[in-house]
Amino acid sequence: MRKSILAAMALALSAGGSAAGEIAPSQVKFEDGAVATSLTGVPGDAAEGRKIVGSKKLGNCVACHVVSEQAEVPFQGEIGPPLDGAGDRWSEAELRGIVANAKMMFEGSMMPSFYKTEGFIRPGKAYTGKAADDTFGPLLTAQQIENVVAYLGTLKE
Amino acid sequence: MIKKTRALSAIGALVLAATPALADPVDATLILNEETEMVTRTAAPDHLSDTLDEVMSGWLFRGTETRAMQADDFDNPGMIFVEQAMDTWDTVEGTEDKSCASCHESPDTMAGVRAVYPKWNEAAGEVRTLEMQINDCRENRMGAEKWKYTGGTMQNMVALISSVSRGLPVNVAIDGPVQSTWEKGKELYYTRNGQLELSCANCHEDNYGNMIRADHLSQGQINGFPVYRLKNTKLNAVHARFKGCIRDTRAETYSPGSEEFIALELYVASRGNGLSVEGPSIRN
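Which chain is which? The protein sequence lines are A and B, in order. Note that the working numbering numbers the first sequence so that position 144 is 144, with each residue one more than the last. Note that the working numbering numbers the second sequence so that position 158 is 158, with each residue one more than the last.
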């Protein structure tokens, strides 16, 4: 019994994919919804973050948010507020908290938690409809979160 | 922090108010074959009075051309499948040498049936969907093989039986022996499934009328099922739609015909009580 729990933990860790020096999803410290410490210690790359926000395959943030600055991306959604000016409204730590787990900032938010690996109901294996397996990991990696945060910081009105 | 949340909702409210009416359901009337006026929006049934004022057919959320296709049987590709089912209706199959017609005469005798399903079957002591009832007839009265739940032959037949109820109000019972199933379906409707933690209500109750990427969210009603989708050019079953929506939350789905989907179907059908039966309808 004990062994299988340990094995499961080891799996969870490897699936979380946290490289050395990274803060694992379950270890992130939220304060008033914000996360002060960088998840990787490596500065975010805003250009990479821009791609993640606009790409259906990556963050797909535009499914729910308008980002006027990415006018080339068609069909931007209107579930959440436009991200224009997000860099004026929120500090870096707040943006990190919102992207990692928006429910810590906005209780009950519809926005998915992009850096979380536990506590789901019937988690699936990506979009296959099948149960999650040992490939299960957070929606975005620690560095991808940092890249998105860097990009959001550039969105000023 | 609380302050911020408030400030944000204020932003949200402003944004909503400023959004052009583009994404709203259209103000239009569906008249079928220039004679039957369909109820595509009506007062929400009592059990929804805390959450919705009005219930609306998915028809109101589709584009002009898609809406027009559904208004005329000659333009509705779903009716081709209805015709196929008419042949099946008269086809003798199974060990009992019977067809649907042997027991039910013409499909017209099915008028009103679609409107009250899923419903309680006293003899079997279970809630039955239309698909389950059809398969029960095949197995136990015809001695024929069951049809695949979401398969073409089954959905063609569901479409035929639905088509003769078009214009009648959906009116499924939610109390008595079905109540516990209904409650279970309701619980599922509000469960935030999958890695994206999204419930049916997140999309179809809180955000109908809004765009999620390229999709115009409707109330997720099932009065128009089975639906002919332009995207896959065939009839789509209710449970196939449920499966697709749950899959899109990065969740492990349930299977068509499962207890969970039967309960969910009863609950979702009841959210449309008062809307006209529209199946087979056209969606993108």
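Each residue gets a CB set at the ideal place from its N, CA and C atoms; glycine is no exception.
At the C-beta level, Leu266 (chain B) and Trp182 (chain B) come within 8 Å of one another. By the C-beta density criterion, Gly78 (chain B) is buried, having at least 16 other C-beta atoms within 10 angstroms.
Taking the Cα positions, Lys98 (chain B) is about 8 Å away from Arg141 (chain B). In terms of Cα proximity to Val238 (chain B), the closest of B:Leu130, B:Met110, B:Glu252 and B:Trp147 is B:Leu130. Between Arg271 (chain B) and chain A, the shortest Cβ-Cβ separation is not below 8 Å. With distances taken between CA atoms, Glu35 (chain B) lies nearest to B:Arg166 out of B:Thr88, B:Asp87, B:Arg166 and B:Ala44. Residues of the same chain with a CB within less than 6 Å of the CB of Phe225 (chain B), apart from the 5 flanking positions on each side, are Val238 and Gly279 in chain order. Residues of the stretch 198 to 214 of chain B with a Cβ closer than 8 Å to any Cβ of chain A, in chain order: Leu198, Asn202, Asp206, Asn207, Asn210, Met211, Ile212, Arg213 and Ala214.
The DSSP assignment places 46 to 54, 86 to 89 and 92 to 101 as complete runs of the alpha helix (DSSP H) inside the stretch 44 to 106 of chain A, in order along the chain (cut-off: 4 residues).
At a cut-off of 3 residues, the continuous stretches assigned as beta strand (DSSP E) that sit fully inside the stretch 30 to 94 of chain B are 41 to 43 and 54 to 56.
The shortest C-alpha to C-alpha distance from Thr154 (chain A) to any of A:Ser26, A:Ala86, A:Ile52 and A:Arg122 is the one to A:Ala86. Under the DSSP assignment, Lys186 (chain B) falls in the alpha helix (DSSP H) whose first and last residues are Gln179 to Tyr189. Under a 10 Å Cβ-count criterion, Ser49 (chain B) is classified as exposed, with fewer than 16 other Cβ atoms of the shown protein chains found around its own Cβ.
When B:Asp87, B:Asn33 and B:Thr29 are compared, the shortest CA-CA separation from Thr64 (chain B) is found for B:Thr29. When beta bridges are read from the DSSP output, Met211 (chain B) appears opposite B:His216. At the C-beta level, Leu83 (chain A) and Leu152 (chain A) come within 8 Å of one another. Annotated three-state conformation of Tyr149 (chain B) is coil, per DSSP. Within the model, the alpha-carbon separation for Asp75 (chain B) versus Ala150 (chain A) is close to 52 Å. Interface residue (Cβ-Cβ distance to chain A less than 8 Å): Asn193 (chain B) is classified as such.
Under the three-state reduction of DSSP output, Pro256 (chain B) falls in the coil class, being neither helix nor strand. Setting aside the 5 residues that flank it on each side, Gly49 (chain A) is surrounded in the same chain by Asn147, Val148, Ala150 and Tyr151, each with a C-beta closer than 6 Å to its C-beta; the list follows chain order.
For Ile80 (chain B), the number of other beta carbons within 10 angstroms of its own is below 16, and it is reported as exposed. Where Glu131 (chain B) is concerned, the enclosing alpha helix (DSSP H) starts and stops at Leu130 to Asp136. A Cβ-Cβ distance of about 6 Å is found for the pair Val127 (chain B) and Ile262 (chain B), placing them in contact under the 8 Å criterion. Beta-carbon to beta-carbon, Tyr208 (chain B) and Ala201 (chain B) are separated by about 10 Å, too far to satisfy the 8 Å threshold.
Note: Ser281 (chain B) is bridge-paired with B:Val227 in the DSSP secondary-structure output.
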